[in-house]
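A.B. asks: Counting along the sequence shown from 1, when you hit position 96 you're at 98 in this note's numbering, and nothing is skipped either side. Cβ coordinates follow ideal geometry from the N, Cα and C atoms, glycine included.
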Amino acid sequence: MDPLTGRVHTSFGQASTATGRLSSSNPNLMNIPIRTDLGQRIRRAFRAGRPGHVLISVDYSQIELRIAAHLSGDPKMLAAFAAGQDIHTATAAAVFKVPIESVDPNQRRLAKVANFGSIYGQGEYGLSQQLGISGDVARDFLKEYWSTYSKLREYLDGVRQKAREEGFVVSATGRRRAIPDLRERMAINFPMQSLAADIIKIAMVRLHREIEADHVEGRMLLQVHDELLFEVPQGEVDRFAETVPRIMTGAYELETGIEVEAKVGPNWADMKKLAVVRA
Numbered sequence: 003m004d005p006l007t008g009r010v011h012t013s014f015g016q017a018s019t020a021t022g023r024l025s026s027s028n029p030n031l032m033n034i035p036i037r038t039d040l041g042q043r044i045r046r047a048f049r050a051g052r053p054g055h056v057l058i059s060v061d062y063s064q065i066e067l068r069i070a071a072h073l074s075g076d077p078k079m080l081a082a083f084a085a086g087q088d089i090h091t092a093t094a095a096a097v098f099k100v101p102i103e104s105v106d107p108n109q110r111r112l113a114k115v116a117n118f119g120s121i122y123g124q125g126e127y128g129l130s131q132q133l134g135i136s137g138d139v140a141r142d143f144l145k146e147y148w149s150t151y152s153k154l155r156e157y158l159d160g161v162r163q164k165a166r167e168e169g170f171v172v173s174a175t176g177r178r179r180a181i182p183d184l185r186e187r188m189a190i191n192f193p194m195q196s197l198a199a200d201i202i203k204i205a206m207v208r209l210h211r212e213i214e215a216d217h218v219e220g221r222m223l224l225q226v227h228d229e230l231l232f233e234v235p236q237g238e239v240d241r242f243a244e245t246v247p248r249i250m251t252g253a254y255e256l257e258t259g260i261e262v263e264a265k266v267g268p269n270w271a272d273m274k275k276l277a278v279v280r281a
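(1) So, does the region 40-47 touch the region 203-219, judging by three or more C-beta pairs under 8 Å?
(2) How close, in whole Å, do the beta carbons of Ala253 and Ile181 come, if the pair is a contact with beta carbons under 8 Å?
(3) Would you mind listing the beta strand (DSSP E) stretches within the region 39-73 that are 3+ residues and don't spill past its ends, in chain order?
(4) Extract the residue ranges of the beta strand (DSSP E) inside the region 136-222, only unbroken runs of 3 or more that lie entirely within it.
(5) Would you call His11 buried or exposed, if buried means 16 or more other Cβ atoms sit within 10 Å of its Cβ?
(6) Taking only the alpha-carbon atoms, compute the straight-line gap between Arg208 and Ser130 and give it to the nearest angstrom.
(7) Helix, strand or coil for Pro35, going by three-state DSSP, please let me know.
(8) Taking the straight line between their C-alpha atoms, what separation do you get for Ile213 and Gly176?
(9) Find the nearest neighbour of Ala17 within the set Arg179, Arg211 and Ile190, judged by alpha-carbon distance.
(10) Could you give the DSSP three-state label for Glu229: helix, strand or coil?
(11) Assess, as a yes-or-no matter, whether the region 231-243 is touched by the region 45-65 under the definition of 3 or more beta carbon pairs within less than 8 Å.
(12) Could you name the residues of the same chain whose beta carbon sits closer than 7 Å to that of Lys274, not counting the 5 residues immediately before and after it, in chain order?
(13) Could you name each continuous beta strand (DSSP E) segment of 3 residues or more that falls completely within the region 69-98, going from the start of the chain to the end?
(14) Output yes or no for whether 8 Å exceeds the beta carbon distance between Gln195 and Arg23.
(15) Could you say if the region 146-164 and the region 74-89 meet the contact criterion of at least three C-beta pairs nearer than 8 Å?
(16) Based on the DSSP secondary-structure assignment, which residues constitute the bridge partners of Lys265?
(17) Do the region 165-173 and the region 114-123 meet, that is, are 3 or more Cβ pairs less than 8 Å apart?
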């Protein structure tokens, strides 16, 4: 903690990752757990530093999967997002061939792991190990999964093939990444992760400009992956709850639309939902 400001100050690396994601060091504030008891206790220590202020968190929802649907043009993924469905529940319903309202938690969990695993190049072995299921079950599930999202598979295969031929991958915004020794997982995920990084950076720049132009007291504190954290006076909560989601959802145009969730609280752990905004 800085003795002059009474605050913890991290250092952000703008160009230290190949994907364009920011990095954080001394200390790394991007690596604080959220789902463990220890992580919650640590986050509870991060609170608004000025009297009469609260924290507002606004987080992109499933941004990399939305980007995957956008880039691949997969009609079933696009339809699920367009209908406002939970993509993991929609995936489970399609793969297990049950009504969406009949999907159980275990089916959704399997679909969630497969959804994220697909854009990181995970195969049947990785799926079986992560979920503790047999190789045969994982194989059968992935067969149905790729049958459902055939356009996504075609797109990912195309990324892989282009990386083989050219030795690099290019993101939608023009960032180029060399792929040494054809590391397929690196090649497959780069387009999604890189565009997600650029979307939140675009939002940060626009938010900074608007906050400066409006001469409000609220300030941006932190970026953690797909989340932005703000310190805001109580009297400006409604204003920030409108401004931040509007700018974040408008930072880039995706076929799926972009969704964010806004929360407010006295500290980084004890936050209640303000709004879910989709654009």
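C.D. replies: Judging by the given coordinates:
(1) Taking 8 Å as the limit for Cβ pairs, the verdict is that the region 203-219 does not touch the region 40-47.
(2) In this structure Ala253 does not touch Ile181 by the C-beta definition: roughly 27 Å separates them, more than the 8 Å allowed.
(3) Taking only runs of at least 3 residues, the beta strand (DSSP E) segments lying wholly in the region 39-73 are 55-62.
(4) If we require 3 residues or more, the beta strand (DSSP E) runs fully inside the region 136-222 come out as 170-172 and 178-180.
(5) With fewer than 16 other CB atoms across the displayed protein chains lying within 10 angstroms of its CB, His11 is exposed.
(6) Going by C-alpha positions, Arg208 is about 43 Å away from Ser130.
(7) Pro35 carries a coil assignment under DSSP once its states are collapsed to helix, strand and coil.
(8) The alpha-carbon atoms of Ile213 and Gly176 are separated by roughly 28 Å.
(9) Residue Arg179 holds the alpha-carbon nearest to the alpha-carbon of Ala17 among Arg179, Arg211 and Ile190.
(10) In this structure, Glu229 counts as strand in the three-state DSSP scheme.
(11) Verdict: yes, contact present.
(12) Answer for Lys274: Lys265, Val266 and Gly267, listed in chain order.
(13) Listed in chain order, there is nothing to give.
(14) The answer is yes: Cβ separation under 8 Å.
(15) With three or more CB-CB distances shorter than 8 Å, the region 146-164 counts as touching the region 74-89.
(16) In the DSSP output, where bridge partners are listed per residue, Lys265 has Ser59 and Lys275.
(17) Remark: fewer than three beta-carbon pairs, one from each stretch, lie closer than 8 Å, so the region 165-173 and the region 114-123 are not flagged as touching.
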